[in-house]
Amino acid sequence: MPARFLAWASARLRRDLTAALLALQACTAWAATPAVDAYRFTAADRAFLATLTLDRLPPPPPSPSNAWADDPRAAQLGQRLFFDPALSDSGRFACASCHQPARHFTDGLPRAVAAGTARRHTPSLLGAAHGPWLNWDGSADSLWAQALGPIEHADEMATPRSRWVGRVLQTQGAALAAVFGPVPDLPEAAVLARPMSPLGDAAAQAAWQALPSTQRDAIDRVFAQTGKALAAYQRRLKMAPARFDRFVQALQRDDDAAARQQMAPDEVAGLRLFVGAARCVSCHNGPLFTNHEFHNIGAPEPDRSRVDLGRADGVQRLQAGTFSCLSPHSDANAERDCGEMRFLKTQGPELVGAFKTPSLRNVAATAPYMQAGQLATLADVLAHYNQPQPPFYDPAQHPSRPHFDILPLQLTPSQLGQLAAFLGTLTSPLPTDAPWWQAPPPPTATPTRP
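For reference, each letter of the sequence shown is one residue, going -31 to -1, 1 to 419 in mature numbering (1 follows the signal peptide of the UniProt record, and there is no 0).
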């Protein structure tokens, strides 16, 4: 067996086993905790709670496929791209149209609405840089690859690749060249203004194929650079500590009065359920309250005539994509850096209808829930977990019967209320003076194509 596979698999196994052992330890210990005083925690309890706080969140991991991931100039360029609706085909939609800072970079809708209505709910971008997979189905393996998808998607920004590149060069060409180096030889601006894309309608695809391959490659190169700039920006987004974080910090200081100020008794009871009887921490662990993995929890199927296969479709799209870690536009060493892609699991019932475990940070402020926003409130979510129904199965649409990953919680209404109360303590205050959370000031002079 190749040594590189063993190294990658060992690291992945250590990560998964650590999460599983921590969850098992928590469930065992917390289930046995006497409820004499809800605020009384053992040293082991406190040590485990500390693993869930934001101050344990390291910087985003390296992004080998993006050499500019931590370049401040790339981040500044990405910020300008993120907030500029003029780059979209209609001139109406920016990344920030759906990822709104005032909503913790979500939009408050069941499904994203821009040029059309998307199939999926808009996830938050906060903490996204820490996960190995992006999108609900994991169809992107990097933040920069994910950032490119909505630009061309017909229901989102609906901007042909050629026009996006042309408009970026027109407004940010000098900044792009300053970050990434000389712009490659591209068609004239009038040609780029035509709708040309490998993902567009038949006319746009025909026009794309009519371009010389060198020009298609040049457009793809600049397109990828804009994704890398957007990713560099998103890696800068940080959350302030929530009440839960301040509660645990008070526990570490043995400051009982401060702890009681941060969380009410019902919220503390909900925390004990979360890491104990309810087993939520089995998947929602770490400082972001997610294991970054995929599970089928039997969420209601929004459209039974067109089922969403989740991860099973996502891995196919990932392999067919143009901008993965293994692509020519990646800055990674494929042998050394792309283990997740090289050893990708592509089949199995556990992939069917499975979706990525979302972070629970700010969950009480980012309704609705699930991959299509089909559950309106936290009470609806907890009711589903309390008495889940098996996943919908249609042999004509599913490649196999979906795997079912959860068991009924069997909690009382009072306990469900306590869980919901605890989840409310994970909301971070919106910053008032964080430059990265705001649209940048307009440039003093409009950059032009170099």
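Heads up, the beta-carbon is just placed ideally off N, CA and C, and yes, glycines get one too. It should be emphasised that the depicted structure is a prediction, and the values quoted were computed from it without experimental measurement.
Could you tell me whether the Cβ atoms of V321 and S274 are closer together than 8 Å? No. Outside cutoff.
Close Cβ partners of P164 (< 6 Å) along its chain, the five nearest in sequence each way excluded: Answer for P164: P129 and A173, listed in chain order.
Please report how far the alpha carbon of P364 lies from the alpha carbon of A281, in whole angstroms. 15 Å
Compute the Euclidean distance between the alpha carbons of A403 and L240, then round it to the nearest angstrom. Answer to the nearest angstrom: the Cα atoms are 30 Å apart.
Bridge partners - V82, DSSP secondary structure assignment: T86
Three-state secondary structure (DSSP) at H264? strand
DSSP beta-bridge partners for K325? F263
Do the region 224 to 240 and the region 390 to 397 touch if we need at least three Cβ pairs shorter than 8 Å? They touch, by the three-pair rule.
Rounded Cβ spacing between A38 and A200 (contact assumed at less than 8 Å): 6 Å
I'd like the span of the alpha helix (DSSP H) that includes L351, first residue to last. L347 to N355
Using DSSP with H/G/I as helix, E/B as strand and the rest coil, what is A334? Here A334 sits in helix by DSSP.
Closest by CA to residue 446, which one among F74, S57, S34 and A352? This structure cannot speak to residue 446, because the chain is shown only from -31 to 419.
Rounded straight-line distance, which links the Cα of L161 to that of E319: 43 Å
Classify R248 as buried or exposed, calling it buried when 16 or more other Cβ atoms lie within 10 Å of its own Cβ. buried
Per-residue DSSP class, three states only, for P3: Annotation note: pLDDT 46 at P3 (below 50); position unreliable, coordinate value reported separately. Coil at P3, not helix or strand.
Assuming N260 contacts H372 (C-beta within less than 8 Å), just tell me the rounded distance between them. Rounded, the Cβ-Cβ distance is 16 Å, inconsistent with contact.
Bounding residues of the alpha helix (DSSP H) (the contiguous stretch that carries R190): Start and end: S182 to Q203.
Does K325 pass the burial test, meaning 16 or more other C-beta atoms within 10 Å, or should it be called exposed? buried
Under 8 Å, with one C-beta from each stretch per pair, do the region 280 to 298 and the region 38 to 53 reach the 3-pair mark? no
DSSP state of C(-5) mapped onto helix, strand, coil: Legend: pLDDT at C(-5) = 48, less than 50; position of this residue unreliable, value from coordinates given subsequently. The answer is helix: DSSP assigns C(-5) an H, G or I state.
Residues that G109 bridges to, as DSSP identifies them: The sequence as given places Ala at residue 109; Gly does not occur at that position. Looking at the DSSP assignment, A109 forms a beta bridge with L103.
Using 8 Å as the threshold, is the C-beta distance between D124 and A65 below it? Going by C-beta atoms, D124 is not nearer than 8 Å to A65.
Residue range of the alpha helix (DSSP H) that includes P41: Run containing P41: P41 to F51, per the alpha helix (DSSP H) assignment.
When you compare the CB of A87 with every CB in chain B, is at least one pair closer than 8 Å? Within the model displayed, chain B is absent; a lone protein chain is all it includes.
Residues bridged to L344 [DSSP beta-bridge criterion]: Y338
Quick one: give me the first and last residue of the alpha helix (DSSP H) that G317 is part of. Element bounds for G317: n/a, residue is neither H nor E.
Please report the distance separating the alpha-carbon of K207 from that of L278. In a straight line, the C-alpha of K207 is about 32 Å away from that of L278.
Below 8 Å between beta carbons: does that hold for V148 and R42? yes
Does the region 87 to 101 come close enough to the region 350 to 359 that 3 or more CB-CB pairs lie under 8 Å? no
Can you look up G279 in the DSSP assignment and give me helix, strand or coil? strand
By how many angstroms is the C-alpha of A13 removed from the C-alpha of A268? Approximately 34 Å between the Cα atoms of the pair.
Through-space distance from T401 to A408, alpha-carbon basis: 13 Å
Buried or exposed by the 16-neighbour rule on C-beta atoms within 10 Å, applied to N104: Buried, since its Cβ has 16 or more Cβ neighbours within 10 Å.
Segment limits, alpha helix (DSSP H) that includes C64: Where C64 is concerned, the enclosing alpha helix (DSSP H) stretches over C64 to C67.
So if DSSP puts T396 in a beta bridge, which residue, or which two residues, is it bridged to? In DSSP, T396 forms no bridge with anything.
Contact between the region 309 to 319 and the region 133 to 141 (3+ Cβ pairs under 8 Å): no
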